[in-house]
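>
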Amino acid sequence: MRIDPARAATLVSQLSSVQQRIAALNPGRNVRLVAVSKLKPANDILALHQAPAHHLYFGENYAQELTQKAALLPPTVRWHFIGGLQSGHCKALARVPNLVCVSSVDTAKKAGLLHAARAALRDADPAVPRLAVHVQVNTSGEEAKSGCAPGDETVALCREIHERCPSLELIGLMTIGAIARSKATTPENKNDDFVALKEQRRLVAQALGRGPESLELSMGMSDDFEGAIAEGSGEVRVGSTIFGQRPDRAEAKIRV
1 MRIDPARAAT LVSQLSSVQQ RIAALNPGRN VRLVAVSKLK PANDILALHQ APAHHLYFGE
61 NYAQELTQKA ALLPPTVRWH FIGGLQSGHC KALARVPNLV CVSSVDTAKK AGLLHAARAA
121 LRDADPAVPR LAVHVQVNTS GEEAKSGCAP GDETVALCRE IHERCPSLEL IGLMTIGAIA
181 RSKATTPENK NDDFVALKEQ RRLVAQALGR GPESLELSMG MSDDFEGAIA EGSGEVRVGS
241 TIFGQRPDRA EAKIRV
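Numbering (the UniProt record's numbering), first residue to last: 1 to 256.
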């Protein structure tokens with residue numbers, strides 16, 4: 001696959017800048033950086049996955065785009081599915097061996113479909129790991145947003161995954177939050193969505209008999225990742241700050 005040297009240098013520089021900003025906020029603490037590569041070509045991903053950056057974690061919003069890119073790129077890429085999860089896509093996603101996490105599980109039906117497909121894959125190849133999942137919580141209460149309602153609904157889904165889906169691993173909770181809150185977020189100015197997700201983690205941990213720190217928080221994107229880290233996020237999802245402006249979906253190419 002052709003890599004343009006100038007484009008690769010720009011991407012590596014922008015990735016490094018984000019990594020440095022993360023490190024400055026949390027010396028000695030690991031925060032997973034998922035580089036959101038949606039609508040960007042596989043060439044860009046390869047440019048960051050190979051030397052000198054050797055970045056591992058890439059996030060996609062569309063199931064078909066993820067599966068197509070996964071077929072083109074090395075199996076050492078660790079894919080995260082971060083978009084709205086549809087039941088019809090669960091089987092195909094869970095069968096991508098190096099899909100390591102689905103961050104947008106919001107119903108027991110979808111969890112069950114992911115579990116069944118991953119279990120079948122692991123039966124065929126025991127080396128395939130369990131599929132990590134975050135339960136998505138609609139902390140802002142917006143009708144257009146996916147996610148469980150905070151409280152009983154979130155706790156019930158987490159319990160379902162924990163107790164009845166052994167091929168899945170519940171690793172934490174995710175929120176996207178309101179755009180206006182994201183734009184107003186700084187390390188000093190708290191985001192109500194982040195505060196709400198921390199409270200949901202406390203409730204889930206209590207219900208499952210786990211320590212809160214055993215469940216990670218996945219929150220923070222290009223506009224607000226520094227504020228999210230200040231609130232304890234263990235994973236941030238950064239796209240345009242690394243890859244630049246995205247094309248329209250109709251114009252996007254899997255490879256160039």
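Where is the CB? At the ideal position from N, CA and C, for every residue including glycine.
These numbers come from a predicted model, not from an experiment.
Specify, as a first and last residue, the run of the beta strand (DSSP E) that Gln136 falls within.
Leu131 to Gln136
> My assumption, with CB atoms under 8 Å, is that Met171 sits in contact with Val133. Please give the rounded CB distance.
What sits at residue 171 in the sequence shown is Ile, not Met. About 7 Å; that satisfies the 8 Å criterion.
> For Glu169, write down the residues that DSSP places opposite it in a beta bridge.
Ala132
> Just to confirm the assignment, what range does the beta strand (DSSP E) spanning Leu39 have?
Where Leu39 is concerned, there is no enclosing beta strand (DSSP E), given that its DSSP letter is neither H nor E.
> Here's the rule: buried if 16 or more other CB atoms are within 10 angstroms of the residue's CB, otherwise exposed. What is Thr139?
buried
> With contact counted as at least three CB pairs below 8 Å, one residue from each stretch, are the region 238-249 and the region 68-78 in contact?
no
> Alpha carbon to alpha carbon, how far is Ala116 from Ser167? Give it in angstroms, no decimals.
8 Å
> Of all the options Lys253, Ser37 and Val256, which has the alpha carbon lying nearest to the alpha carbon of Arg237?
The shortest Cα separation from Arg237 among Lys253, Ser37 and Val256 belongs to Ser37.
> With distances taken Cα to Cα, identify the nearest neighbour of residue 257 among Glu213, Gln64 and Ala156.
Here the chain covers residues 1 to 256 and nothing more, so residue 257 does not appear.
> Over what stretch of residues does the alpha helix (DSSP H) that includes His80 continue unbroken?
Not the alpha helix (DSSP H): His80 falls in the beta strand (DSSP E), residues Arg78 to Phe81.
> Excluding the 5 residues preceding and the 5 following Leu208 in the sequence, name in chain order all residues of the same chain whose CB lies nearer than 6 Å to its CB.
Closer than 6 Å at Cβ, skipping near neighbours: His162.
> Going by the CB atoms, is the gap between Glu231 and Val204 shorter than 9 Å?
no
> By a C-beta neighbour count over all protein chains shown, 10 Å radius and 16 as the cutoff for buried, is Thr154 buried or exposed?
Burial of Thr154 is indicated by the presence of at least 16 other C-beta atoms within 10 angstroms of its C-beta.
> If you reduce the DSSP assignment to three classes, tell me which class Ser140 lands in.
coil
> Can you tell me whether DSSP reads Ser104 as helix, strand or coil?
strand
> Whether or not the region 71-83 and the region 103-113 are in contact is what I'm after, with contact meaning three or more pairs of Cβ atoms, one per stretch, closer than 8 Å; do they touch?
yes
> Just checking Pro166 against the ligand SAH - is the residue's beta carbon closer than 8 Å to any of the ligand's heavy atoms?
In the structure on display, the ligand SAH does not appear, and there are no ligands present to speak of.
> Do His49 and Pro27 have their C-beta atoms within less than 9 Å of each other?
no
> Just the C-alpha distance for Asp123 and Pro129, rounded to the nearest angstrom, thanks.
11 Å
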